[in-house]
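Residue numbers (our numbering): 1 to 322.
No residue lacks a Cβ here, since even glycine has one placed at the ideal position from N, Cα and C.
Because the structure is a prediction, the values reported are computed rather than measured.
Structure first, commentary second.
Here it is, written out as structure tokens:
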């Protein structure tokens, strides 16, 4: 492939061997019809099935397909970071591997990008997940609001189109906690969204459980925002003020009536209240200290075990020199 592609389609892969051939076929059909030079970059995140074998066979049959296999499971956003750094197109597209994002909807996002935006999301017209997954997704978006702004976070989707030059801002990012949407806010404020069709999942099950999404939201809040620390400070001030009011009440009652506040439960509840507030604040501070510790270790966000496809070697930063 002598000519660099105009568009790079990045697809993190996790236990989706059954859907990959059909996804590839539909992408090729779409972009060949449009006449765009493109490449498809699959990043296999150690799902444990034979997805990597499928990727290698697709790369052998189509020079526009490239693949990276992670050395272990790092998570969707870490896999995306690897693909973004390896992409050669001027425009980068990210999408899921399960065909819930119809490739035929991509022209809507590409057209919107040409209006002068830097990032365009493709939120679904109607969610196709279950109640718990939808609830966990809403929690994640609430967590993103602190770093991205409420309006932008409301439209965040795994289906994205953005300009490749934005990655220069986070080219040297090395923290093991990765969120592509937050990193994009470091480079631009020109976001847009276009509602797209969202199809039911035909193969397998999602690797995202509500528990994982809630954990992901916690990682985002403590990894990319100081809101939890500010909340801890406000809570500390509020409880200190409450304690001062209780002390004033006890002293006032003693001076006026000559007696103390009766009852052990009252004192026990006050002690428990303050102890809980202190432990909560310490826990929040501990989350931040843990992230500082991981960053001082310079632990890479991912490592590539194997790669396939492409006529020229492209360094995928953070691959441990493999």
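Best match in the options for proximity to residue i [C-alpha to C-alpha]
i: residue 33; options: 90, 11, 104; result: 104
i: residue 280; options: 154, 228, 13; result: 228
i: residue 52; options: 38, 10, 70, 106; result: 70
i: residue 25; options: 91, 15, 12, 97; result: 97
i: residue 157; options: 22, 180, 123, 182; result: 123
i: residue 309; options: 6, 39, 20, 21; result: 39
i: residue 236; options: 267, 273, 257, 57; result: 273
i: residue 95; options: 188, 61, 180; result: 180
i: residue 91; options: 169, 58, 36, 126; result: 36
i: residue 197; options: 10, 59, 101, 17; result: 101
i: residue 275; options: 245, 59, 239; result: 239
i: residue 17; options: 56, 31, 170, 30; result: 56
i: residue 185; options: 234, 170, 300, 199; result: 170
i: residue 242; options: 111, 183, 277; result: 277
i: residue 357; options: 74, 165, 28, 50; result: No information on residue 357 is available, as it lies outside the stretch 1 to 322 that the chain covers here.
i: residue 244; options: 255, 49, 270, 201; result: 270
i: residue 183; options: 165, 292, 199; result: 165
Backbone secondary structure at residue i - three-state DSSP
i: residue 47; result: coil
i: residue 1; result: Residue placement at residue 1 is flagged as unreliable, the pLDDT there being 43, under the threshold of 50; the coordinate-derived value follows with that caveat. Residue 1: coil per DSSP, three-state reduction.
i: residue 125; result: coil
i: residue 192; result: strand
i: residue 75; result: coil
i: residue 19; result: coil
i: residue 319; result: For residue 319, the pLDDT reaches just 46, beneath the cut-off of 50, and the residue's location in the model is therefore unreliable, although a value from the coordinates is still provided. DSSP places residue 319 in coil when its eight states are reduced to three.
i: residue 199; result: coil
i: residue 95; result: coil
i: residue 306; result: strand
i: residue 32; result: helix
i: residue 114; result: coil
i: residue 107; result: helix
i: residue 165; result: helix
i: residue 39; result: strand
i: residue 275; result: helix
i: residue 228; result: helix
i: residue 67; result: strand
i: residue 13; result: strand
i: residue 8; result: strand
i: residue 174; result: coil
i: residue 160; result: strand
Residue i beta carbon near the ligand GDP (any heavy atom closer than 8 angstroms)
i: residue 91; result: In the structure shown, the ligand GDP is absent, as is every other ligand, since no ligand is present at all.
8 angstroms contact criterion, which residue i and residue j should meet: CB distance rounded
i: residue 4; j: residue 85; result: Between residue 85 and residue 4 the Cβ distance is about 15 angstroms, and since that is not below 8 angstroms, they are no contact.
i: residue 117; j: residue 160; result: Contact flag wrong, Cβ pair sits at about 11 angstroms.
i: residue 300; j: residue 178; result: 11 angstroms between Cβ atoms; not a contact.
Cβ pair residue i, residue j closer than 9 angstroms
i: residue 93; j: residue 109; result: yes
i: residue 162; j: residue 231; result: no
i: residue 303; j: residue 15; result: no
i: residue 22; j: residue 99; result: yes
i: residue 19; j: residue 41; result: no
i: residue 167; j: residue 187; result: yes
i: residue 192; j: residue 246; result: no
i: residue 195; j: residue 115; result: no
i: residue 176; j: residue 83; result: no
message = Would you call the region 56-67 in contact with the region 280-293, where contact means no fewer than 3 C-beta pairs closer than 8 angstroms?
response = no
query = Does the count of Cβ pairs from the region 36-52 and the region 69-79 closer than 8 angstroms reach three?
reply = yes
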